[in-house]
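In the order they appear, the protein sequences are chains C and Y.
Under the numbering used here, residues 1 to 188 are what the first sequence spells out, in order.
Under the numbering used here, residues 189 to 270 are what the second sequence spells out, in order.
Glycine included, each C-beta is placed from N, C-alpha and C at the ideal position.
Here's the structure, in structure tokens; my notes come after.
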Amino acid sequence: MSAAPPTETAFERDVLPHLDLMYRVALRLTGDPANAEDLVQDTVLKAFRAWETFRQGTNARGWLLTILRNTFINDYRRRRRAPVTVDIDVAEQHALVHEQAGQDPEGEFFRVLVDDSIVAAIDALPEEFREVVVLSDVEGLSYAQIAETLGVPVGTVKSRLFRARKQLQGTLLAYAVGSGIVRPGKEA
Amino acid sequence: MNRQTLDCAEALALLQDYLKEELTTENEARVAGHLAACGHCLQHAHFERNFLAALERAARGTRCPDAVVSRIRQALRSTPPT
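In structure tokens, the structure reads:
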């Protein structure tokens with residue numbers, strides 16, 4: 001016999017507290033508020049239909065993020081506006097970003113960057129970098145939780161994160177230099 | 189890595205994972221020991237910490253719009269359980 005039909009209250013209790021997180025991740029994945037709203041709604045309805053497969057007592061967050069990501073890949077990815085492509089070699093050049101920070105070796109400029117510039121830099125990352133940064137550094141999932149959500153080894157999560165962060169640091173430093181927050185490091 | 193001490197390259201390679209509290213107890217102690225003794229790497233650690241704090245700060249404030257929450261609640265009530 002199948003399990004009892006889901007009671008909406010139990011579902012709402014376990015799932016709806018994660019809507020903000022789901023919306024933020026959806027926004028970064030789709031790059032567009034209208035698509036993010038639809039993606040969250042589709043995800044919740046899929047979760048509702050699959051509620052029997054959710055292991056009660058475990059955290060719904062990872063389960064929901066997996067559904068959200070699969071839904072994005074299957075139904076939404078092609079809709080994302082043309083991604084900003086980034087040459088990986090360029091990303092690697094940022095390996096020594098810290099050394100280039102010149103007058104600000106401790107990265108104080110990160111404290112005064114406007115949030116919009118940081119979000120824009122995240123949005124400009126390639127998708128496989130963007131999703132690990134959002135899950136780890138914005139939403140605070142552990143590497144193991146991210147690996148489970150994405151279905152990849154922890155080592156892959158770590159290497160993507162490392163490269164994604166270096167690329168982001170390079171972008172943000174360039175922005176900080178360009179807007180006069182940081183003086184370039186090459187000067188005498 | 190069986191040694192108790194790390195050189196700078198080893199410490200820097202572990203730095204982000206250290207700040208994210210993703211290291212084993214042994215490696216965490218090794219990185220902490222290196223940072224306590226090395227001003228250059230400590231500066232690096234401040235840089236990485238400020239960076240990670242900025243990411244956490246920047247996007248966390250966004251909330252799912254109320255209209256979407258209402259729409260979802262309404263959809264749930266009109267969706268029959270399977």
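Partner residues on chain Y for residue i, Cβ-Cβ distance less than 7 angstroms
{"i": "Pro105(C)", "result": "Gln231 and Phe235"}
{"i": "Phe48(C)", "result": "Leu264 and Thr267"}
{"i": "Ile118(C)", "result": "Ala242, Leu243 and Ala246"}
{"i": "Leu27(C)", "result": "Thr250"}
{"i": "Glu196(C)", "result": "Given that chain C is displayed from residue 1 to residue 188, the structure contains no residue 196(C) and the question cannot be resolved."}
{"i": "Arg24(C)", "result": "Ala247 and Thr250"}
{"i": "Glu108(C)", "result": "Asn238"}
{"i": "Asp137(C)", "result": "Leu240, Leu243 and Glu244"}
{"i": "Tyr143(C)", "result": "Glu210"}
{"i": "Gln56(C)", "result": "Within 7 angstroms Cβ-Cβ: nothing; Gln56(C) doesn't reach chain Y, min ~16 angstroms."}
{"i": "Phe189(C)", "result": "Examination of residue 189(C) is not possible in this model, given that chain C is present from 1 through 188 alone."}
Spatially closest choice to residue i from the options, by CA coordinates
{"i": "Phe54(C)", "options": "Gln169(C), Leu161(C), Asn74(C) and Ala10(C)", "result": "Ala10(C)"}
{"i": "Asp14(C)", "options": "Trp51(C), Lys158(C) and Leu168(C)", "result": "Trp51(C)"}
{"i": "Gln231(Y)", "options": "Glu209(Y), Leu200(Y), Ser266(Y) and Pro253(Y)", "result": "Leu200(Y)"}
{"i": "Asp32(C)", "options": "Gln103(C), Phe162(C), Ala124(C) and Gly57(C)", "result": "Ala124(C)"}
{"i": "Leu65(C)", "options": "Lys158(C), Glu148(C), Arg160(C) and Ile122(C)", "result": "Glu148(C)"}
{"i": "Asp104(C)", "options": "Ala246(Y), Glu244(Y), Glu236(Y) and Arg265(Y)", "result": "Glu236(Y)"}
{"i": "Arg111(C)", "options": "Ala246(Y), Cys252(Y), Leu207(Y) and Asn215(Y)", "result": "Ala246(Y)"}
{"i": "Asn70(C)", "options": "Leu16(C), Glu131(C) and Asn59(C)", "result": "Glu131(C)"}
{"i": "Glu127(C)", "options": "Val44(C), Asp42(C), Pro17(C) and Arg78(C)", "result": "Arg78(C)"}
{"i": "Arg165(C)", "options": "Ala121(C), Gln56(C), Ser179(C) and Glu139(C)", "result": "Ala121(C)"}
{"i": "Ser258(Y)", "options": "Trp63(C), Pro184(C) and Gln41(C)", "result": "Gln41(C)"}
{"i": "Glu139(C)", "options": "Glu198(Y), Gln192(Y), Thr267(Y) and Thr250(Y)", "result": "Thr250(Y)"}
{"i": "Gln262(Y)", "options": "Asn74(C), Leu45(C) and Val25(C)", "result": "Leu45(C)"}
{"i": "Ala144(C)", "options": "Gln192(Y), Asp205(Y) and Leu223(Y)", "result": "Asp205(Y)"}
{"i": "Cys196(Y)", "options": "Arg265(Y), Ile260(Y) and Leu223(Y)", "result": "Leu223(Y)"}
{"i": "Leu29(C)", "options": "Ser142(C), Gly170(C), Asp116(C) and Leu135(C)", "result": "Leu135(C)"}
{"i": "Val114(C)", "options": "Ala241(Y), Gly221(Y), His234(Y) and Cys229(Y)", "result": "Ala241(Y)"}
{"i": "Gly151(C)", "options": "Trp63(C), Thr43(C), Leu16(C) and Ala34(C)", "result": "Trp63(C)"}
Proximity of residue i and residue j at Cβ, strictly below 7 angstroms
{"i": "Ala47(C)", "j": "Ile67(C)", "result": "yes"}
{"i": "Tyr76(C)", "j": "Leu39(C)", "result": "yes"}
{"i": "Asp137(C)", "j": "Leu243(Y)", "result": "yes"}
{"i": "Ile146(C)", "j": "Val157(C)", "result": "yes"}
{"i": "Leu202(Y)", "j": "Val219(Y)", "result": "yes"}
{"i": "Ala176(C)", "j": "Phe109(C)", "result": "yes"}
{"i": "Tyr23(C)", "j": "Cys252(Y)", "result": "yes"}
{"i": "His18(C)", "j": "Arg61(C)", "result": "yes"}
Rounded distance between the beta-carbons of residue j and residue i, thought under 8 angstroms
{"i": "Leu173(C)", "j": "Ile118(C)", "result": "Leu173(C) to Ile118(C), Cβ: 12 angstroms. No contact."}
{"i": "Phe239(Y)", "j": "Gly107(C)", "result": "6 angstroms"}
{"i": "Arg163(C)", "j": "Phe129(C)", "result": "7 angstroms"}
Contacts that residue i makes with chain C (C-beta to C-beta distance below 7 angstroms)
{"i": "Arg259(Y)", "result": "Gln41"}
{"i": "Glu216(Y)", "result": "Within chain C, no residue comes near Glu216(Y); the closest Cβ sits about 14 angstroms away, beyond 7 angstroms."}
Under 8 angstroms from the C-beta of residue i: neighbouring residues of chain Y
{"i": "Ile122(C)", "result": "Leu243, Ala246 and Ala247"}
{"i": "Val44(C)", "result": "Ile260, Ala263 and Leu264"}
{"i": "Asp115(C)", "result": "Arg245, Ala246, Ala247 and Gly249"}
{"i": "Arg111(C)", "result": "Asn238, Ala241 and Ala242"}
Per-residue contacts from residue i into chain Y (C-beta, under 9 angstroms)
{"i": "Arg165(C)", "result": "Gln204, Glu236, Phe239, Leu240 and Leu243"}
{"i": "Glu131(C)", "result": "Those within 9 angstroms of Glu131(C) in chain Y number zero; the least Cβ separation is about 13 angstroms."}
Contacts of residue i in chain C (Cβ-Cβ under 8 angstroms)
{"i": "Val256(Y)", "result": "Leu19, Tyr23, Glu37, Val40 and Gln41"}
Closer than 9 angstroms at the beta carbon, the chain C residues around residue i
{"i": "Glu198(Y)", "result": "Ordered by position in chain C, no residue passes the 9 angstroms Cβ test against Glu198(Y), which lies about 15 angstroms from the chain."}
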